[in-house]
Every structure is written in structure tokens, then in C-alpha cells.
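Protein chains: 2
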Amino acid sequence: MKTKDNKIPEATIKRLSTYVNYLGRLGTDSNPVISSEILGESCQVSPAQIRKDLSYFGEFGVRGVGYDTKKLEAEIKDILGINHSWPTTVIGVGKLGQALLNFDFFRNHGFRIIAAFDSDPGKIGARITDEISILPTGDIEKTVNEKQISIGIITTPADWAQDVADRLIAGGIKGILNFAPIKVKVPDSIILRNVSITSELDNLAYLLTQKKRQ
Amino acid sequence: MKTKDNKIPEATIKRLSTYVNYLGRLGTDSNPVISSEILGESCQVSPAQIRKDLSYFGEFGVRGVGYDTKKLEAEIKDILGINHSWPTTVIGVGKLGQALLNFDFFRNHGFRIIAAFDSDPGKIGARITDEISILPTGDIEKTVNEKQISIGIITTPADWAQDVADRLIAGGIKGILNFAPIKVKVPDSIILRNVSITSELDNLAYLLTQKKRQ
DNA sequence: CCAACAATGTGATAACTGTCACACAATCGT
DNA sequence: ACGATTGTGTGACAGTTATCACATTGTTGG
Ligand SMILES: NC(=O)c1ccc[n+]([C@@H]2O[C@H](COP(=O)([O-])OP(=O)(O)OC[C@H]3O[C@@H](n4cnc5c(N)ncnc54)[C@H](O)[C@@H]3O)[C@@H](O)[C@H]2O)c1
Ligand SMILES: NC(=O)c1ccc[n+]([C@@H]2O[C@H](COP(=O)([O-])OP(=O)(O)OC[C@H]3O[C@@H](n4cnc5c(N)ncnc54)[C@H](O)[C@@H]3O)[C@@H](O)[C@H]2O)c1
Chain X
1 MKTKDNKIPE ATIKRLSTYV NYLGRLGTDS NPVISSEILG ESCQVSPAQI RKDLSYFGEF
61 GVRGVGYDTK KLEAEIKDIL GINHSWPTTV IGVGKLGQAL LNFDFFRNHG FRIIAAFDSD
121 PGKIGARITD EISILPTGDI EKTVNEKQIS IGIITTPADW AQDVADRLIA GGIKGILNFA
181 PIKVKVPDSI ILRNVSITSE LDNLAYLLTQ KKRQ
Chain R
1001 MKTKDNKIPE ATIKRLSTYV NYLGRLGTDS NPVISSEILG ESCQVSPAQI RKDLSYFGEF
1061 GVRGVGYDTK KLEAEIKDIL GINHSWPTTV IGVGKLGQAL LNFDFFRNHG FRIIAAFDSD
1121 PGKIGARITD EISILPTGDI EKTVNEKQIS IGIITTPADW AQDVADRLIA GGIKGILNFA
1181 PIKVKVPDSI ILRNVSITSE LDNLAYLLTQ KKRQ
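Going line by line, the protein sequences match chains X and R.
Counting from 1, one number per residue, gives the positions in the first sequence under the working numbering.
Counting from 1001, one number per residue, gives the positions in the second sequence under the working numbering.
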């Protein structure tokens, strides 16, 4: 795969994720080929935007025809790096952590949760699946290191997020997805992304308020 | 509150949410005043960016001093429209829906979940809290209308998201927060925001892959 | 009262992102 | 064989967002 440039807009990556998700839901048998027009309608993105997004990474379509559905899906998965399974762990098996642990979608789309941690003695040892049982927080460093876990998902209360992040990093984690409503500090070598559900709701509230005030 | 302009960057709103969240966590007693420098360090935003963000809405600080912590928090809540409680409902009381229903944080920060819906006969009728028990999907229109619910949070499987959205809209909903991995179609008058956890993970995978390939 | 200082608010500028039009390549029908 | 048609790929342009420098304004200590 060629990357013409390394200055890809973040929004482009987000859209690629949408495209690949939609392509995966398509019956490839009935739709062997798809145009940017049709794809755009489903993803609510302009056709030109789709072509532009793809053009950052190469030429995947056939002029006058469109894109081979299956091939395009594979190409985007390759671009995003979800054509293999990233070993992943969840720390904090509360309400949200359990939802993520039981979310099968991940398994088929590039992520494999292979460990779970909690600090609650009442939870430690509980089986989640055949291969996962809840480990104590103190084991994070060792386990991440031994199992070569790449991605850590933090779903502990905010007060513990930094501590957990530090442990993950000590164990050699590569990337962190943080659900706690706090900005954890990590060295530049670690990729960090935050999911802020609260901020999405706040945004909704703002737009509703705007509409009312206008 | 004055709004100088109605072209506020979406990123600004997202950051305001971060600021207000951080300010809420501060002990206002020990920190009656805060500078853009300090706030920026905690929120990982440049001081200039913070001042710019706030300047879209007015002048809230005192030159040479900084911002009154409590007052700034109140001002941002006012800007975002989270200085009162939005009546909210969750549709799809599965793993994720339950996590959201039990997330107390919302209650103290501008959102009050006052109804929950599911289509599973085994779940209907179950009590969530004193005031909420799970209602059947067929009641969405009526309940949203009667209780004047403003915001609907969709946590059903993707295949049902559009149906649920249509019912919410028929009931007079104002805004929708959608967790299902599909783009639901809504009229322009409805505010729609999507939370895509998968896309955040994809983004993480992309960045990790980039790092590896570089 | 004034000078030294601290931190805000903002216009100018740079960087980034999205839109659009159209050249170009492949296919299809005659 | 070739013109008509379809839909991609991309350069030029427009719009948006972030960064920076500094003028401005309030505070504090002598
Ligand atoms: N529930 C939601 O809908 C929601 C939404 C947005 C953000 N969040 C955030 O996600 C995080 C988890 O939320 P939740 O609702 O699942 O809370 P929860 O209380 O249900 O779960 C937290 C879990 O973390 C465990 N834990 C505490 N300290 C720990 C530590 N040091 N190491 C490992 N595990 C530890 C607890 O034992 C518990 O099982 C919080 O930071 C919350 O703000 C939750
Ligand atoms: N669990 C996660 O971590 C996670 C992460 C990202 C996105 N999501 C998305 O959130 C949604 C819910 O995920 P989940 O893990 O909670 O699934 P789940 O299967 O645990 O829950 C889905 C719930 O929706 C109910 N439901 C089904 N059809 C309905 C209808 N027509 N009306 C009302 N309720 C209906 C089901 O009875 C069930 O209780 C899915 O779209 C999923 O893709 C989940």
C-alpha cells in the first residue's frame, strides 16, 4: 500500500471507518460494484469527498464503473490497519467495560480483547469468556508485556485513569482508548484517543439551545 | 449571553465541554481564579486557543488576573445550554443502554433520563430506578410527546435504529444521540449526533499502523 | 500615584480541509 | 470501430480553523 503523503486529515480517517463499516454490511453478491455516488448516499458524504479521501492512498476504482465492493473494503481495512486483530485489553469492568467486553463486533473487525482488569476483589477471578477472566490491576504491567497487548481501553473512574495508563505504558502498550472524562498524560510515543460521550451530549445540548435562541 | 457570531467551530464546542468538565472537578475553594495557561495545561489545549474559544461568546476574564473559576464554569454551562436538565430517554436497554442509564454523571450535568424503552418482552416492565421502568417500543411516540422529552439516545442494534429514530421524531423529539453503527436519516429540523466507538478504535489502529510503517 | 507586571482579548496570518469542475479512462451499444 | 455514456482522480479554489504577536487593561508593591 502506498501513502502519497503523511498529512491525512483526521476527518478522512473517520470517514474511511464509516465507509468500511458500510461496505461490510453490504451483500457483496448483490452489489459487486459500488459508485462513490451510492456509497456517499448511505454514508451521508458527498461523492467528491469519498473520491478525495481515497485518492490520498491510491487509485482503487475503475473509471466509468466504480469500486469493486469487496476489494475496496479490503483496501480500506489495509489502510486503517484493521486487516488483522490487535490484541486489546479493557481495564475497569464496570457497566461500560462489560458492554465493551461483550461487544462481539470488535472481534470480527480488527480487535481481539484478550484480557480484562479490575481492582475490585469481588470481581477478580470472574470469568468473562473461555479465555478471559478478570485479573487484578497489579498484573497489568506483567500481562501486557507477556501477551504483547497493543491497545488498552480505560473504563475506570476518572481518578484512576492516569494510574492505569501509567501501568499500561510500563507494560509496553502502544495505544490507549480512554473513556474516563479526564485528559491522561502519556509520552509522545503512545497513541492516545479519548471517547467523550458527555461531550457529544454537550454538543447536542448546544445545538438545541442555538436553535431555540435563534 | 451574547453570541457575536453564529459560526462557531464545532471543535470549539467540544473544547468548551472539556473546560467545563475540568472546572467542575476543581475545588473552587482552593482555586478561586484560573488562568488560560493553567486550564490549558490540564485540558491539553494551548492558552491562546482557550482565549479564542471564549472570545466567540464574550469577555469572561479579568486582564492580568484570569478567570473566576466558578463564574467561568457557569458561563460555559450557559453557553452550552447545560445549566438546566434536558429530559432524555434511552432506547434499547442492552449492555450499552444499561451503562448509560446508570451513569449518574449525566444527572448532575444537564441531562435527566426519564424514560427507557426496549422491544424485548422479557425486559418490559423491569424497574431501572424509582421513576423509570422499561416501556415497550410502541409507546415511544406517546411518551416522548406527553413527557416532552427533548433528547433520545439510541442504543438498539443497527437494524432498528432508523425505526426508533422515526418513532422518536413522530413523538416530537428535538435531538438524537445515536450509538448504532449506521447513519440514520432525520429531517433538517432534528439535531443528530453519532457516537462511533468503532471509528475511534479504527483511528487508533490507523495511527498505530502509521507509526509502524513510517 | 506610578511603574512594573501579569494575563486577557483580538486582528493578522498561516495551515488545514472541503468543494467543484473537468480531464480522462473504461464500457456499451450500434 | 467508434461515439456516447458513465463515473473516477485531481488540481485549483474557497472556506474554515488554529496560531501568533501584541495591544490592552486591571493589579500590586513601593
Ligand atoms: N457508564 C457510562 O455510560 C459512561 C459514559 C461515559 C463515560 N463513562 C466513564 O467510564 C468510566 C467507567 O464508567 P462505568 O459507568 O462503567 O463505572 P463503574 O463504576 O460501573 O465501573 C468502574 C469499574 O472500574 C473498577 N475500578 C475502579 N478503580 C480501578 C482501578 N484502579 N483499576 C481497575 N479497575 C478499577 C471498578 O471496580 C468498577 O468495576 C468512568 O470514568 C465514567 O466516567 C461512563
Ligand atoms: N456494547 C458496546 O460496547 C457498543 C459499542 C459501540 C456501539 N454499540 C452499539 O450500540 C448498540 C447496542 O449495543 P449493545 O451491546 O448494548 O447491544 P445489546 O444487544 O446488549 O442491546 C440491544 C438492546 O436493544 C433492544 N432492542 C432490539 N430491538 C429494539 C427495538 N426495535 N426497540 C427497542 N429496543 C430494541 C434489545 O432487546 C436489547 O436489549 C448496537 O447498535 C451496537 O452496535 C455498542
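Using N, Cα and C, we set each Cβ at its ideal position, and we do this for glycine too.
Treat the numbers as computed from the prediction; the structure is a model and nothing was measured.
Is it right to say Lys1185 (chain R) is buried, meaning 16 or more other beta carbons lie within 10 angstroms of its own, or is it exposed?
exposed
I'd like the span of the beta strand (DSSP E) that includes Val1020 (chain R), first residue to last.
It is not in any beta strand (DSSP E) - Val1020 (chain R) instead sits in the alpha helix (DSSP H) that spans Glu1010 to Arg1025.
Taking Cβ-Cβ distances shorter than 8 Å, what residues in chain R pair up with Ser17 (chain X)?
Ser1196, Thr1198, Ser1199, Asp1202 and Asn1203
Does Lys2 (chain X) come within less than 8 Å of chain R when only Cβ atoms are used?
Legend: pLDDT at Lys2 (chain X) = 46, less than 50; position of this residue unreliable, no value from coordinates given.
Sorry if obvious, but does the Cβ on Pro1187 (chain R) come closer than 7 Å to a heavy atom of ligand 2?
no
Take every Cβ of the segment 80 to 89 of chain X, pair it with every Cβ of the segment 106 to 114 of chain X, and state whether three or more of those distances are shorter than 8 Å.
yes
Identify which residue in R:Thr1129, R:Asn1031, R:Ile1013 and R:Ser1035 has its Cα closest to the Cα of Ala1248 (chain R).
In the structure as shown, chain R begins at 1001 and stops at 1214. Residue 1248 (chain R) is therefore absent and cannot be evaluated.
DSSP three-state call for Val1033 (chain R): helix, strand or coil?
Val1033 (chain R): strand per DSSP, three-state reduction.
Anyone know if the C-beta pair for Ile1176 (chain R) and Ile1154 (chain R) falls short of 8 Å?
Yes, Cβ-Cβ distance for Ile1176 (chain R) and Ile1154 (chain R) is below 8 Å.
Secondary structure of Thr3 (chain X), DSSP reduced to three states:
Annotation note: pLDDT 49 at Thr3 (chain X) (below 50); position unreliable, no value reported.
In chain order, what residues of the same chain lie with their CB nearer than 8 Å to the CB of Gly24 (chain X), ignoring the 5 residues before and after it?
Glu73 and His109
Does any residue of chain X bring its CB to less than 8 Å from the CB of Tyr1206 (chain R)?
yes
So for Arg1063 (chain R), helix, strand or coil by DSSP?
coil
Determine the extent of the alpha helix (DSSP H) in which Asn83 (chain X) is found, giving its start and end residues.
Here Asn83 (chain X) belongs to no alpha helix (DSSP H), and DSSP marks it neither H nor E.
Give me the Cα-Cα distance between Pro1009 (chain R) and Asn203 (chain X), rounded to the nearest whole angstrom.
11 Å
Taking buried to mean at least 16 other C-beta atoms within 10 Å of its own C-beta, is Lys1002 (chain R) buried or exposed?
Residue confidence is low: Lys1002 (chain R) scores 44 on pLDDT, short of 50, so the model does not pin down where it sits. Its coordinate-derived value is still stated next. Counting Cβ neighbours within 10 Å, Lys1002 (chain R) comes out exposed, since fewer than 16 surround it.
What residues in the segment 96 to 124 of chain X have a beta carbon less than 8 Å from any beta carbon of chain R?
Under the 8 Å Cβ criterion, the segment 96 to 124 of chain X contributes Leu96, Gln98, Ala99, Leu100, Asn102, Phe103, Phe105, Phe106, His109, Gly110 and Phe111.
In the DSSP assignment, what residue or residues form a beta bridge with Leu177 (chain X)?
When beta bridges are read from the DSSP output, Leu177 (chain X) appears opposite X:Ile153 and X:Arg193.
Thr1143 (chain R) versus R:Thr1088, R:Leu1016 and R:Gln1162, residue with shortest Cα-Cα distance
Considering only R:Thr1088, R:Leu1016 and R:Gln1162, the residue with the shortest C-alpha distance to Thr1143 (chain R) is R:Thr1088.
Take Lys4 (chain X) and list the residues in its own chain whose beta-carbon comes closer than 6 Å to its own, dropping the five residues that flank it on each side.
Residue placement at Lys4 (chain X) is flagged as unreliable, the pLDDT there being 46, under the threshold of 50; a coordinate-derived value is accordingly withheld.
Any residues in the segment 1037 to 1065 of chain R with a beta carbon nearer than 8 Å to a beta carbon of chain X? Which ones, in chain order?
Ser1042, Cys1043 and Gln1044
What do you get for Asn194 (chain X), buried or exposed, if any count of 16 or more other CB atoms within 10 angstroms of its CB means buried?
buried
Members of the segment 1141 to 1152 of chain R near chain X, C-beta cut-off 8 Å
Of all residues in the segment 1141 to 1152 of chain R, Ser1150 and Ile1151 have a Cβ within less than 8 Å of some Cβ in chain X.
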